[in-house]
Structures are given as C-alpha cells and as structure tokens.
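So for the sequence shown, the numbering used here puts the first residue at 13; every next one is plus one.
Beta carbons are placed, not taken as given, at the ideal position from N, Cα and C, and that holds for glycine.
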Amino acid sequence: MIDFTDLPTLHKCYDGANGKKISVSYNNEVYMLKFPAVVTKNADLSYTNSCISEYLGCKIFESVGIPVQEVSLGTYTTSRGQTVVAACKDFTSTGVVLQDFVSLKNHIIDSGHQGYGTELNDILDTLDKQSAIDREELSERFWNMFIVDALIGNWDRHNGNWGFLYNTFTDKLSLAPVYDCGSCLFPQADESIMLSVLSKKNELNDRVYNRPTSAIVINGKRINYFNFISLCANEGCNKALKNIFPKININRIEKIIDGISVISDVQKQFYKVIIKQRYESILQFSYSKLLSKE
Ligand SMILES: Nc1ncnc2c1ncn2[C@@H]1O[C@H](COP(=O)(O)OP(=O)(O)O)[C@@H](O)[C@H]1O
Ligand SMILES: [Mg+2]
Numbered sequence: 013m014i015d016f017t018d019l020p021t022l023h024k025c026y027d028g029a030n031g032k033k034i035s036v037s038y039n040n041e042v043y044m045l046k047f048p049a050v051v052t053k054n055a056d057l058s059y060t061n062s063c064i065s066e067y068l069g070c071k072i073f074e075s076v077g078i079p080v081q082e083v084s085l086g087t088y089t090t091s092r093g094q095t096v097v098a099a100c101k102d103f104t105s106t107g108v109v110l111q112d113f114v115s116l117k118n119h120i121i122d123s124g125h126q127g128y129g130t131e132l133n134d135i136l137d138t139l140d141k142q143s144a145i146d147r148e149e150l151s152e153r154f155w156n157m158f159i160v161d162a163l164i165g166n167w168d169r170h171n172g173n174w175g176f177l178y179n180t181f182t183d184k185l186s187l188a189p190v191y192d193c194g195s196c197l198f199p200q201a202d203e204s205i206m207l208s209v210l211s212k213k214n215e216l217n218d219r220v221y222n223r224p225t226s227a228i229v230i231n232g233k234r235i236n237y238f239n240f241i242s243l244c245a246n247e248g249c250n251k252a253l254k255n256i257f258p259k260i261n262i263n264r265i266e267k268i269i270d271g272i273s274v275i276s277d278v279q280k281q282f283y284k285v286i287i288k289q290r291y292e293s294i295l296q297f298s299y300s301k302l303l304s305k306e
C-alpha cells in the first residue's frame, strides 16, 4: 500500500458529507484521498470502514465492465496516527469538469422537480426530457448502476453521487465514471456485528431483504432493492438485470476481497457472505423469475 503522507498537496477541494478529503499529486496525477467517515450510528466503532467500502464497491463495478473511478487503498499519518485512505484518481482535467445529476435535473426548467429530489418518477422524467446526452445510454447507466448498487448494498446513490463530464471546449456531456461507493457494504458494522451476521441467519436475511434501502424513493419512501427488482415491473430495471447479472463473477469478487491486506479474516468473510447472499437472493432470484416470465 502506498503511504500518501508526504506527497505534495493541492488546493483542489471536494464536497461530500462522508468524511474529510484532500487532494495530492502522485506520479504527476491528481488524487482525491478520502479519509474514513465519522461514525454516526455505532458508538462502539472509532471510525467507519467507508474506505474499504469505496475500494470494494468500485472494484465490483469495474468487474462487471461499468466505467468507474480508479481507486486504491493507501495509508496516511496525521497527528492522531496512521489511517487507511481510499485514493481516487481525479477524473476531471483541464476543460473537463464534473456535473452531477442534480445539475442535469435542475436544467429541466419546465419541470417542477428540484435537483436533489430522488423520487423515481421525477428522475425518470429527467432521463427522458433531457437532451444533453443520449437517452438510451443515460437510462442504461442509471439502471445498471441500480443493479450493482443492489448487489453491494449501497444506500447513498443520491443525485449528487453520479454524473457527467462536461467539456468546456466542445460543450459536450459524457457519462462520468462511477464514483462514491463509500456507503455500500455496511461501513458502520464493527467486528461484533459482522460475527453476529455470520452466525445468525435472521441477521443476514435482514441485511439482504430489508436493508440498506436505496437513496431513490417512491412516494417519499426509500426503495427496497429486493421488493423492487423482484417485481420485474420496470422495463429499464429488467433490461439492466439481464445485462449485468451474467457479468457478475462471485469468484472474481472473492479474489478482490482476499486481496485486501488491511482487513481481518472476519471482515473478509462478512463481505463475501453479504455479497453472495445478495447476489443469490436478490439478483439471481429476480433474474430467474424474469426469464420464466418471458
Ligand atoms: N474521482 C473523482 N474525481 C473528481 N471528482 C470526484 C471524484 N470522486 C468524487 N468527486 C467529487 O468529490 C465529491 C465528494 O466525493 P464523494 O466520494 O462523493 O464523497 P462523499 O462520500 O463524502 O460524498 C463528489 O461529490 C464529486 O463532486
Ligand atoms: Mg458523495
């Protein structure tokens, strides 16, 4: 793992609610270093596993062929000691800036919906009404991301957590690589929660069928991934399931998990079991149902 402590820092700043970030120059490239998010829900944990979640989530997107930011794990030492950081290569460049989906939604001036709202129908309305980017390509990215987010249990894919690269020279928009997977795979679970999930079927089922929910809502209520996908009622979602499911390779994902040197065997086992169970119970179940329906 690279130690990022003594690298030159830059003045580029990043927003986001989940932890501190700095920008460093490494091998003449700009990297955003994400520090572990502060714990809000679990008093027994001093810092969350958000950096491991970021790394794993991004690598899983990569494994199914969806363009994603380049991320590696590293260390950084502050006055409070050494910490693991997620180093995300900055995908912007001179004349190429990130515009999130919030801003695309704001761009539709004849709709009453505000940019941050994640009501599904309003999002779909924006996908349809916008003309900045190919509609089919945009809809595909949205739903493909939804399926992978279901696999990795991402509860934070709000409109600010995906977007586009705007080229200021050509006035063209393209899809940005996927970023911010720091809220997938239960970053606030500590070792005792992990052990409990590994030993109690009801604890595991709860984390497959009930939570996390999606950041996208229907009538103000966060979508339950299992209920929504297994209903097979949304054409875009069905299409993405048919496209993505065959590309998921559990062995490959397990190898990625085994390759993380800084986590315990319990944590590795936790990720493997959660992902395999979500794969089988949410995606495989829905995929089989969809094929038999057709
Ligand atoms: N690889 C990247 N390159 C350039 N900008 C990025 C990259 N990843 C994230 N950003 C920008 O930085 C912001 C914060 O990063 P994010 O990972 O979303 O943090 P948080 O988990 O705190 O929400 C994002 O909203 C986005 O604007
Ligand atoms: Mg974010």
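>> Any heavy atom of ligand 1 inside 7 Å of the beta-carbon of N179?
In response: For ligand 1, not one heavy atom lies less than 7 Å from the Cβ of N179.
> Given E266, which residues of its chain have a CB within under 6 Å of its CB, disregarding the five upstream and five downstream residues?
Replying inline: K284
> So who's on the other strand from L110, going by DSSP bridges?
Replying inline: L177
>> Does K213 come out as helix, strand or coil in the three-state DSSP assignment?
In response: Note: K213 maps to helix in three-state DSSP.
> Between which two residues does the alpha helix (DSSP H) containing S75 stretch?
Replying inline: Note, S75: alpha helix (DSSP H), S62 to S75.
> Quick one: Cα of K53 to Cα of T182, how far?
Replying inline: The straight-line gap from Cα to Cα measures roughly 45 Å.
> Within 7 Å: the Cβ of N166 and any heavy atom of ligand 2?
Replying inline: no
>> Measuring only the C-alpha atoms, how far is N239 from Y221?
In response: 8 Å
> Which residues in the same chain have their Cβ closer than 7 Å to the Cβ of V42, if we skip the five residues on either side of it in sequence?
Replying inline: L22, K24, S35 and D102
> What do you get for A252, buried or exposed, if any count of 16 or more other CB atoms within 10 angstroms of its CB means buried?
Replying inline: buried
> In or out: N171 buried (at least 16 other Cβ within 10 Å) or exposed?
Replying inline: buried
> Beta carbon of S75, beta carbon of R264: below 8 Å?
Replying inline: Using a Cβ distance threshold of 8 Å, S75 and R264 count as a contacting pair.
> What residue ranges within the region 134 to 181 form continuous beta strand (DSSP E) runs of no fewer than 3 residues, ordered along the chain?
Replying inline: Runs found: 175 to 179.
> Three or more beta-carbon pairs under 8 Å between the region 122 to 135 and the region 61 to 74, yes or no?
Replying inline: no
> How is the alpha helix (DSSP H) around Q279 delimited, first residue to last?
Replying inline: D277 to R290
> Since T87 sits in a beta bridge, which residues does DSSP pair it with?
Replying inline: In the DSSP output, where bridge partners are listed per residue, T87 has D15 and V96.
>> Whether or not the region 190 to 208 and the region 159 to 176 are in contact is what I'm after, with contact meaning three or more pairs of Cβ atoms, one per stretch, closer than 8 Å; do they touch?
In response: yes
>> Given 7 Å as the limit, tell me if M157 has its C-beta closer than that to any heavy atom belonging to ligand 1.
In response: M157 has its CB no nearer than 7 Å to any heavy atom of ligand 1.
> For Y191, which three-state DSSP category applies?
Replying inline: coil
>> Which residue wins for smallest C-alpha separation from V83, given the options E292, I14 and L110?
In response: I14
> Cβ of D137 within 8 Å of Cβ of S123?
Replying inline: yes
>> Please list the terminal residues of the continuous alpha helix (DSSP H) segment that includes L303.
In response: F297 to K305
> Grouping DSSP H, G and I as helix and E and B as strand, with all else coil, what is L45?
Replying inline: Residue state for L45 is assigned as strand, using DSSP reduced to three classes.
> When a residue counts only if its C-beta is closer than 5 Å to some heavy atom of ligand 2, which residues count, in chain order?
Replying inline: G28, N173 and D192
> Taking buried to mean at least 16 other C-beta atoms within 10 Å of its own C-beta, is S226 buried or exposed?
Replying inline: Burial call: buried.
>> Beta-carbon within less than 8 Å of Y299's beta-carbon, same chain only, minus the 5 sequence neighbours each way: which residues are those?
In response: L253, K254 and F257
> For the alpha helix (DSSP H) that contains K251, what are its first and last residues?
Replying inline: E247 to I256
> Going by alpha carbons, who is nearest to A99 out of L210, Q281 and Y191?
Replying inline: Y191
>> Rounded to the nearest angstrom, what separates Q142 and N173 at their Cα positions?
In response: 18 Å
> What do you reckon, is the C-beta of K44 under 7 Å from a heavy atom of ligand 1?
Replying inline: Reading off the sequence shown, one finds Met at residue 44, where the question assumed Lys. Within the cutoff, so yes.
> Mind checking P311: buried by the 16 CB within 10 Å criterion, or exposed?
Replying inline: Coverage of the chain is limited to positions 13 through 306, which leaves residue 311 absent and any answer about it impossible.
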